[in-house]
Amino acid sequence: MSSSGMKTEKLPGWNRPPVIDTDGEGELLEVAMGPHHPSTHGVFRMDVVLDGERVIRLKPVFGYLHRNHEQLGQSQSYLASMPYTDRLDYFCSLTNNWAYALAVEKLVGQEVPERAEYLRVILAELTRVQNHASTIGFLLQEMGASGTPLMYAFREREKILDLFESLTGSRMMCNYMRFGGCRVDASPAWLEATRKVVAGLPAFVDEFERFLMTNEILMARCQGIGILRPDLAVNAGISGPMLRGSGVNYDIRKIDHYGIYDRFKFRVPLGDHGDIYDRYMVRMLEMRESISILNQALKELPGGPVMDPKAKIRNFRPKPGEAYGRIEAPKGELGFYLISDGSPNPYRYRVRPPSLINLTVLEDMCLGSNVADVVLIFGSVDIVLGEVDR
Amino acid sequence: MLGDGILKGLAETAKNFAGSFVSKERMTTVEYPEERLPLPEAARNFPFLVYDGDDWEKGLRCVACQICEKECPPKCIYIEKSKDKKPDYVGKPQIYPAKFDIDISVCMSCQICVEVCPFEAIKMNTEFELATDDRFDGLLLDRKQLARSNEYYHQIHPTEASEVDARLAEEKAKVEAKAKAAAEAAAAKAVTAPATGAPAVPDAAKPAAQAEPKPAPTTKAAEVAKASAMATAPAAPKPVPGTGTDGPAPMTTEDRKNAETPAKTNEGEPKA
């Protein structure tokens, strides 16, 4: 790549030509970061090639948490895949449920009652808030602020998880949505509790912002590091806060208007440098927008059933056809692609995981930066290994 | 100013630390084994089997229809049907699970078995301290370990349990009304036939309550009701056996056949 006349070196097993040439002094050092590195959010390995402190090549290695998700989905009924979707991105099980339900509803042309749509929006936005809060917490943890900011984020997350538990029965593996609505209705007491939690969220975001936005350590470590150019982001199929952090205005809530998102007023925050700080700021601002959507949805929530009475739970046999349902999950575009051949099992069940696809530009963001920054850049991608490996 | 952020952060930490001694709001954790948070009513962990009455074996609501076994995503349920039958809550003879095992090391607490069960027989428990050092038998629960009384169900999920009870009572009332109507129809029929119509009415009017030893009258009556509803013509029901005598009729082969068919259709019904 480099046109300088320095010697380039081909290493076996690396299909990419070296971007930065070694200057001939010393030797390259290959290091395997992970799979048990504490910053890898699970079991993930980065094989980095270092020249001193600088990363000159990086190869993500994943698959340690592979659970055959897609094959499982093809060998069991449509309903039986629903609890498995909880286990993809286990931080945001409700948005996973929604994406899968949306795909199946598209496949069979199922309508969803008003109230269920509102409940879905409320739960998805609560999920987004808790996901972004914990992502920022983890990012700070990786920056060396060990414990405290993460625990502040988790304190807030726990309030939201309590809401999930009292509605769906489980904190993380909610398994709440069904084809044609939601499993159980929200009681007035639950809505009251939700209003209370939502009313307390802006104070939490304010607190986070007050301490973090102008924090010199955070600015020094994040600004200008891990830059993702918008053209590369678009070409690589990046989505979610990462794409918007690079300044590309692309939010599926605004584009697809899936569910009832066209009824709510919200803005799409965009970054303009594409560095870690922008991604962090986009998440921060998205939390604020989510809170505003939550307030609108909680105000407008209509009565009525939460499940289409004609919807079938068992013996679900869609007509032959295919459908792709996608939503703006907290991490990016989460899509489920289904092909039905008329049998009770899907013929093809494919997940488009945002975490995996956002991870593909990791090398491009890391090249030339220090090893310590790799951890931060990786943290700013916001992945969950359950979704990467499936 | 350099160091500004650190000072601000430390001040907040100190504020929260000191505040946790005075304000309950700032105490976000509990000291778990000594102190427990109350579980929300919707909490779920692993399934259990509900039984009515005192005897877990007699009162099990499960009729071994094997729907949950089929629908369970990780296939952690194993059911073996019984050879004989026992009466269910409306007094209809039903097969029961001779074996009902759940491997809770495989179960993923998804609640789909509860959703698909047409008999309200399987529900989610809230017990979570199930750690054991026996990896195999300790986590493979048989039907005796899974059985919990309806009272226990009321205790852990009060609203849901009362709804279920109301639904079951309604169903039972419906069956009883049907039986009664059938008995009346049979009585009306019997009036046209010479002499004895009267004994048939009290005989069938007290169906489900004492149905346990001899389920024949109710099922017979229900069968007759169905038949008369279908055909309304006098052709359908044969004179009820035993209308002439005081006691319930002995089981004839035809009765046995009748008793068997509802159970069979019942088993097939949810699949349709």
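Top to bottom, those sequences are chains A and B.
Residues in the first sequence are numbered from 1 upward in steps of one, following the working numbering.
Residues in the second sequence are numbered from 1001 upward in steps of one, following the working numbering.
Beta carbons: idealized from backbone N, C-alpha and C, even for Gly.
Residues that arginine 1044 of chain B contacts on chain A, provided the C-beta gap is smaller than 8 Å: Gly169, Ser170
Any chain B beta carbon closer than 8 Å to alanine 101 of chain A: no
6 Å CB neighbourhood of methionine 365 of chain A in its chain, flanking five on each side removed: Gly226, Leu228, Ile377
Touching by the beta-carbon criterion (3+ pairs, under 8 Å), the stretch 130-148 of chain A and the stretch 299-314 of chain A: no
Spatial neighbours of glycine 181 of chain A in its chain, beta-carbon cut-off 6 Å, leaving aside the 5 residues before and after: Val112, Pro113, Ala116, Val306, Met307, Asp308
Local Cβ density within 10 Å of alanine 1169 of chain B, reported as buried at 16 or more and exposed below that: exposed
Coil, strand or helix - aspartate 308 of chain A by DSSP: coil
CB contact below 8 Å: threonine 148 of chain A versus chain B: yes
Identified DSSP bridge partners for glycine 181 of chain A: A/Arg178, A/Met307
Three-state secondary structure (DSSP) of threonine 148 of chain A: helix
Best match in B/Asp1133, B/Ala1181, B/Pro1118 for proximity to alanine 1064 of chain B [C-alpha to C-alpha]: B/Pro1118
Runs of alpha helix (DSSP H) wholly within the stretch 327-379 of chain A (minimum 4 residues, chain order): 354-359, 362-366
Buried or exposed by the 16-neighbour rule on C-beta atoms within 10 Å, applied to isoleucine 1006 of chain B: exposed
Chain A contacts from the stretch 1009-1036 of chain B (Cβ-Cβ distance under 7 Å): Gly1009, Glu1012, Thr1013, Thr1028
Test item: CB-CB of isoleucine 260 of chain A and tyrosine 118 of chain A under 8 Å: yes
Same chain only: Cβ atoms within 8 Å of aspartate 1084 of chain B, ignoring 5 sequence neighbours per side: Ile1095
First and last residue of the uninterrupted alpha helix (DSSP H) at isoleucine 217 of chain A: 216-222
Contact check, aspartate 206 of chain A vs glycine 245 of chain A, beta carbons under 8 Å: no
Alanine 1011 of chain B burial status per 10 Å Cβ neighbour count (16 or more: buried): exposed
Boundaries (first-last residue) of the alpha helix (DSSP H) holding aspartate 389 of chain A: 385-389
CB contact below 8 Å: serine 1109 of chain B versus chain A: yes
Expected contact under 8 Å - CB spacing of aspartate 89 of chain A and asparagine 97 of chain A to nearest Å: Not really, about 11 Å apart at Cβ, beyond 8 Å.
Beta-carbon neighbours of serine 166 of chain A, restricted to chain B and to distances below 7 Å: Pro1040, Ala1042
Listed by chain order, chain B residues near arginine 314 of chain A by CB distance under 8 Å: Ile1067, Glu1071, Val1116, Pro1270
Chain B within 8 Å of isoleucine 160 of chain A, Cβ atoms only: no
CB of alanine 1042 of chain B within 8 Å of CB of leucine 167 of chain A, strictly: yes
N-terminal and C-terminal residue of the alpha helix (DSSP H) that alanine 1098 of chain B is part of: No alpha helix (DSSP H) holds alanine 1098 of chain B; the beta strand (DSSP E) holding it covers 1093-1103.
Given aspartate 251 of chain A as reference, the closest of A/His273, A/Tyr280, A/Ala220, A/Glu289 once Cα atoms are compared: A/Glu289
C-alpha gap between alanine 1177 of chain B and valine 1090 of chain B, whole angstroms: 12 Å
Buried versus exposed, by CB contacts within 10 Å (16 or more), asparagine 68 of chain A: exposed
According to DSSP, residues forming a beta bridge with serine 1149 of chain B: B/Tyr1051
Chain-ordered neighbours of aspartate 1103 of chain B on chain A, where CB pairs are closer than 9 Å: Near aspartate 1103 of chain B there are no residues of chain A at all, since even the closest Cβ is about 16 Å away, more than 9 Å.
CB contact check: methionine 173 of chain A to chain B, cutoff 8 Å: yes
Glutamine 76 of chain A: contacting residues in chain B (beta-carbon distance under 8 Å): Pro1073
7 Å CB neighbourhood of histidine 234 of chain A in its chain, flanking five on each side removed: The displayed chain sequence assigns valine, not histidine, to residue 234 of chain A. For valine 234 of chain A, where only same-chain residues beyond five positions count, the Cβ hits under 7 Å are Val248.
Short-range partners of chain B found in the stretch 52-81 of chain A, where Cβ spacing is below 9 Å: Leu72, Gln76, Ser77, Leu79, Ala80, Ser81
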